[in-house]
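Data first, discussion second: the structure below is written as structure tokens.
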Amino acid sequence: MYATGTVVAGKYRLERVIGKGGMGVVMAATHLQLGTPVALKLLHADMLQNQGVVDRFMREARASAQLRGENVCRVSDVGTAEDGCPFIVMELLNGHDLTTILRTNGAMPLHVAAEIVIQACFAIGEAHALGIVHRDLKPGNLFWTQRPDGTTCIKVLDFGVAKAPEDVNFSLTQTASVIGSPGYMSPEQLKSSKGVDGRSDIWSLGIVMYELVTGKKPFQGESITELALKVAMDPTPSMDGAAPAGFEAVVRRCLEKEPGRRYQDVADLAAALAPFVGPRGFELAQGVARVRRGANTPIAPVVSHVTTTPTTLRGANGVISPTGITTRSWKLPALIGFGAACGVALALLMLGGKKHAAAPTPAEETTRMQAMPAAPTPAPTVEARPAPTMPAPAEPAEAAEAAADARAKADAEAKAAADAKAKADAEANAKLAAKAKADAEVNAKAEAKAQAAADAKAKAQAAADAKAKAELARAEAARQKAEAAKVAKKTSTKSMSKKTAKTPAKTTEDLGDSRF
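Residue -9 in my numbering sits at position 5 of the sequence shown; the count goes up by one each step and never skips.
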């Protein structure tokens, strides 16, 4: 056990324990020369007796260090402590994982969930470009933190179980067990971890999206066996109105049972989610596409070469405090308050012997379980073959040459089939895109026509209102004129009456007798 204040490798002073498990411990530390906070993952001393664990630990550290994007928990250094135990140095994060946020806030608004997954696609896309498959994507491994300018940054944690493709001479898939969180594992990963590729990560992101928006996972079971059967056999449940049909269609495509029917690349998934985020979503999706174009390797052949021996640390409850989280806090890019510094505790905590941690349910825990019988899955890049119990007889040269030709032919046929399938998928995607574009044009024309009709109606109404107003004005003017005439006539009549009254009447005497 490492005590607080211990200096490791002459430059890292240990400050406090973040999390611990049966195989190692993660501690907050300070870089003495730079004065910066970091996190150290250290193996327990008794693990040094297992050279395979030590080798995998360092190999995994090197693989994680290749991921340089801002959406991953960065690895900055590796070394060996004074007692001979290897350690990994990672960035120390402040914030909350999405499991904590969901538990406190409940389901998220759709645009928030969509942007979270697109940000995660940056990290997953970079990993896939390097031949790394995550295999354990879930809300607990998506971490909500802040950039220096206060905007939200989603970090994908726990890349420590992956192996870089350049380690072609060492196979880490040597047992029939599988590692991961069953509630988020694809059908093929539940059967066997050996042949899964990047499309298994896309399935996991579909489960995550479903849970972020509805507050529950689509497939649940009382036991791992029941859960595995539901994942393999049951259709994806409806989101019950929690999302529009377009978003639900994106989730359902991620959760296709057959990997070839899912999105074949996280860039395609990000593009499908962009409209639900808004203008910023399209910019983010283009960024994911640029990350994926950084390598020429297509996602489908990227095979997971991860160890099936537990090498993931899990932190104890209470490492992250949900202080500051409120139901009104769903707003990207605002962070929902700071909790305890904990990034590495969630990123690379070891499985086994949790201390001070609540027992997870069978369907939720990260566990090792025996692979289910299934049809053969695609072979990994490096196949693990058991050692023979006795030396095999030497093969004649002709037979060896024939076997090599047969293998080459089989490989060529498999490649041709894969190319044909990829071409068919591309054509199908192109047709879907063309249909979507045509539908958009039809909708745009319909909207333009409706707008023109509305404008014409408004113009006609305005003209009618103007005419009616003019008629009212004319009628009022006529009324006023008539009223004025009436007043004038009445005034004239009175004047004449007064004049008549003042003039005396003439008599016959005044006029004289005109008859004479």
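Built from N, CA and C at the ideal position, the CB exists for glycine as well.
Fair warning: this is a prediction, and the values are worked out from it, not measured in the lab.
| Asked | Found |
| --- | --- |
| DSSP state of T16 mapped onto helix, strand, coil | strand |
| 7 Å CB neighbourhood of T(-8) in its chain, flanking five on each side removed | L0 |
| L0, DSSP secondary structure in three states | strand |
| Cβ neighbours of E112 in the same chain (closer than 6 Å, five flanking residues each side left out) | L53, G55 and V277 |
| Backbone CA spacing between P221 and I140 [nearest angstrom] | 30 Å |
| Helix, strand or coil at A67 [DSSP, three-state] | coil |
| Per-residue burial, T138 [other beta carbons within 10 Å of its own, 16 or more giving buried] | buried |
| Cβ shell of A14 (< 7 Å), same chain only, five flanking positions each side left out | E1, R2, I4, P23, A25, L78 and A327 |
| Of the residues K453, K445, A463 and F268, the one placed nearest E101, counting alpha carbons only | F268 |
| Per-residue burial, E68 [other beta carbons within 10 Å of its own, 16 or more giving buried] | exposed |
| One or two residues paired with D82 in a DSSP bridge | Checking the sequence, you will find His at residue 82 rather than Asp. Bridge partners of H82: W130. |
| Reference A93; option with closest CA among G227, K6 and K177 | G227 |
| Backbone secondary structure at V263 - three-state DSSP | coil |
| Proximity winner among D135, C107, P134 and S172, relative to V142 (alpha-carbon distances) | C107 |
| DSSP three-state assignment for L28, whether helix, strand or coil | strand |
| Element boundaries [alpha helix (DSSP H), containing V103] | L96 to A115 |
| Buried versus exposed, by CB contacts within 10 Å (16 or more), Q250 | buried |
| Contacting residues, own chain, Cβ-Cβ under 6 Å from M76 (five flanking each side not counted) | A25, C59, V61 and V330 |
| Beta-carbon contacts of I110 that lie in its chain and below 7 Å, excluding the five residues immediately before and after | H120, V142, D187 and V252 |
| Inter-residue Cα distance where the pair is K(-3) and G21 | 10 Å |
| Nonlocal neighbours in the same chain, by C-beta distance under 7 Å from Q19, ignoring five residues either side | K(-3) |
| Contact set for C71: own chain, Cβ-Cβ below 8 Å, skip 5 residues either direction | L28, L29, H30, A31, M33 and L34 |
| Span of the beta strand (DSSP E), counted from its first residue to its last, around F73 | P72 to E77 |
| Contact belief for V274 with A229 at Cβ below 8 Å, rounded distance in angstroms | With a Cβ gap of about 21 Å, V274 and A229 do not count as contacting. |
| DSSP state of D254 mapped onto helix, strand, coil | helix |
| Residues that DSSP places opposite G10 in a beta bridge | L29 |
| Alpha-carbon spacing of A47 relative to F145, whole angstroms | 9 Å |
| Reduced DSSP secondary structure (H/G/I, E/B, other) of G(-9) | coil |
| Short Cβ contact (9 Å threshold) for A49 with L116 | yes |
| Three-state class that DSSP yields for I140 in the structure shown | strand |
| Rounded straight-line distance, which links the Cα of A463 to that of S483 | 30 Å |
| Coil, strand or helix - T479 by DSSP | helix |
| Residue span of the alpha helix (DSSP H) that contains E212, given as start and end | I210 to M219 |
| As assigned by DSSP and simplified to three states, the class of G166 | strand |
| Secondary structure of S186, DSSP reduced to three states | helix |
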